[in-house]
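This report concerns only the one structure given below.
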Amino acid sequence: MLVTGRNGAGKTNFLEALHLGTQGFSPRTRHDAHLVRQGAERSRVVLDGRRRDTPTMVEVTLGLHEPKRARLNGAAIRSAEHLRSELATLVFTPDRLAVVKGGPAVRRAYLDRSLGRLLPARAALPVEYGAALGQRNAALRRVAHGLSDLAPLAPWTERVAALGAALVAARRDTAALLAPAVRERAGELGLGELALGYDGVAPTAAELDARLDRDVDRGVTGLGPHLHEVSIRADGRDLRTLGSQGEQRLAVLSLLLAEAELLTARGHAPPLVLLDDALSELDEPRRRVLSERLGRTGQTVITATGAEAMPLAPAQLLVVTPGAVEAV
Ligand SMILES: Nc1ncnc2c1ncn2[C@@H]1O[C@H](COP(=O)(O)OP(=O)(O)OP(=O)(O)O)[C@@H](O)[C@H]1O
Ligand SMILES: [Mg+2]
């Protein structure tokens, strides 16, 4: 589905509503108040669709003075963010270029989000590791301030080591799962051999203990998966520093398309794919390849300022004007 409209017409807004309705949060902002129309008190998104053959209805409401709520087929969801364990939506916005261009933390967060979708049984690991790390760091600072001896630290060191090892294994599995499809999609988009590299090794409790003095001094754990690098290379070139704008965009799109394909191949319902402004900066042959691929990738909603940006006719064309979306 192609969504067109002039600058400021509301295309991103429309995509954001689809994301909020299926994932419980915006891909653009953490501040839910920004999702309420200025001057209004509340927002509501209601989506009616099908997952495979199952009719599915979601409703998300949020307000300036009320908590966010979500319902799936009439039943209340524990927290709106919990929707994402039920429905998969993959999104590209120009902000997502940070996965390639940004610092290591953005790439780790990306890999951990993919991990959550591709390996749902291990989805909690990044958060559990982060919580254990936070506890260990707090214990380190208590030692540094003379409020505690080293004894309370030991269980947290064990836990950080154990969860760290599990997280590293899950990240490696995720990268390995993605690798073949990423190579294929990138090859098709003329990006050469694209590789998502993760070769982190989790520290043992003994290795963490060996640098205890330094960690107490700094009040943080200086070793572990929270510091690991994830690389994105095309034919061996690090795209963070050496990729062109278009290549960085193609890399993010290849990762997204690969994941969509993999989710479907692993028995999940095909994810909803939202692509905001994905076609700009791409040359005509690449826009064509991408358009062809999108025709085979489950339901995709893509925005552009004009229909001519997409070389193939979309299954459905929507035109957005301020306050209205019209099918043409
Ligand atoms: N909470 C809000 N209340 C009122 N207006 C808002 C709110 N959030 C965004 N807007 C406005 O909605 C309009 C539509 O923005 P949107 O980003 O959807 O446009 P767009 O069609 O994607 O434009 P572009 O082609 O430039 O990307 C903008 O003028 C924006 O300032
Ligand atoms: Mg926009």
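For the sequence shown, our numbering gives the first residue as 5, with consecutive numbering after it. Each residue gets a CB set at the ideal place from its N, CA and C atoms; glycine is no exception.
| field | Where glycine 53 falls: helix, strand or coil (DSSP) | value | Locating residue 53 in the sequence shown gives position 49, counting from the first residue. Glycine 53: strand per DSSP, three-state reduction.
| Between aspartate 99 and leucine 66, which are expected to be in contact by the criterion C-beta below 8 Å, what is the C-beta distance as a whole number of angstroms? | Position 95 of the sequence shown, counted from the start, is the residue given in the question as residue 99. Position 62 of the sequence shown, counted from the start, is the residue given in the question as residue 66. That belief does not hold up - the Cβ atoms of aspartate 99 and leucine 66 are roughly 21 Å apart, past 8 Å.
| Along the chain, where does the beta strand (DSSP E) that runs through glutamate 70 open and close? | For the purposes of this step, residue 70 is taken as residue 66 along the sequence shown, with counting starting at 1. Per DSSP, glutamate 70 belongs to the beta strand (DSSP E) from 70-76.
| DSSP puts isoleucine 81 in a beta bridge; with which residues? | Looking up residue 81 in the sequence shown gives position 77. For isoleucine 81, which the question treats as bridged, DSSP gives no partner whatsoever.
| Expressed to the nearest angstrom, what Euclidean distance is found between the alpha-carbon atoms of arginine 121 and leucine 267? | For the purposes of this step, residue 121 is taken as residue 117 along the sequence shown, with counting starting at 1. For the purposes of this step, residue 267 is taken as residue 263 along the sequence shown, with counting starting at 1. Each residue's alpha carbon lies about 8 Å from the other.
| request: Just grab the DSSP bridge partners of threonine 60 for me. | output: Position 56 of the sequence shown holds residue 60. As DSSP reads the structure, threonine 60 sits in a beta bridge with Gly53.
| query | Between alanine 209 and threonine 161, what straight-line distance do the alpha-carbon atoms span, to the nearest angstrom? | reply | Counting from 1 along the sequence shown, the entry for residue 209 is found at position 205. Counting from 1 along the sequence shown, the entry for residue 161 is found at position 157. Here the alpha carbons of threonine 161 and alanine 209 stand approximately 6 Å from one another.
| field | Beta bridge counterpart(s) of threonine 65 as assigned by DSSP | value | If you number the sequence shown from 1, residue 65 lands on position 61. Partner(s): Arg48 and Arg73.
| message | Please give me, in chain order, every unbroken run of the beta strand (DSSP E) with length at least 3 that falls completely inside the region 129-175. | response | none
| said: Alpha carbons only, please: which of Pro229, Thr301, Arg241 and Glu263 is nearest the one belonging to valine 186? | reply: Mapped onto the sequence shown, residue 186 falls at position 182. Valine 186 has its Cα closest to that of Glu263, out of Pro229, Thr301, Arg241 and Glu263.
| What are the uninterrupted segments assigned as alpha helix (DSSP H) that are 4 or more residues long and contained completely in the region 220-304, given in chain order? | Given a length threshold of 4 residues, each whole run of the alpha helix (DSSP H) inside the region 220-304 is given here in chain order: 243-246, 249-269 and 288-298.
| field | Collapsed DSSP secondary structure at phenylalanine 18 in the structure displayed | value | As a working note, residue 18 is residue 14 in the sequence shown. Helix.
| said: At a threshold of 8 Å, does leucine 137 count as lining ligand 1 (C-beta to nearest heavy atom)? | reply: Mapped onto the sequence shown, residue 137 falls at position 133. Outside the cutoff, so no.
| Residues surrounding ligand 2 [beta-carbon distance to nearest heavy atom under 7 Å] | Lys15, Thr16, Asp280, Asp281 and Thr307
| request: Check whether the Cβ of phenylalanine 1 lies closer than 8 Å to any heavy atom of ligand 1, and answer yes or no. | output: Within the shown structure, residues of the chain are numbered from 5 to 332, placing residue 1 beyond reach of any answer.
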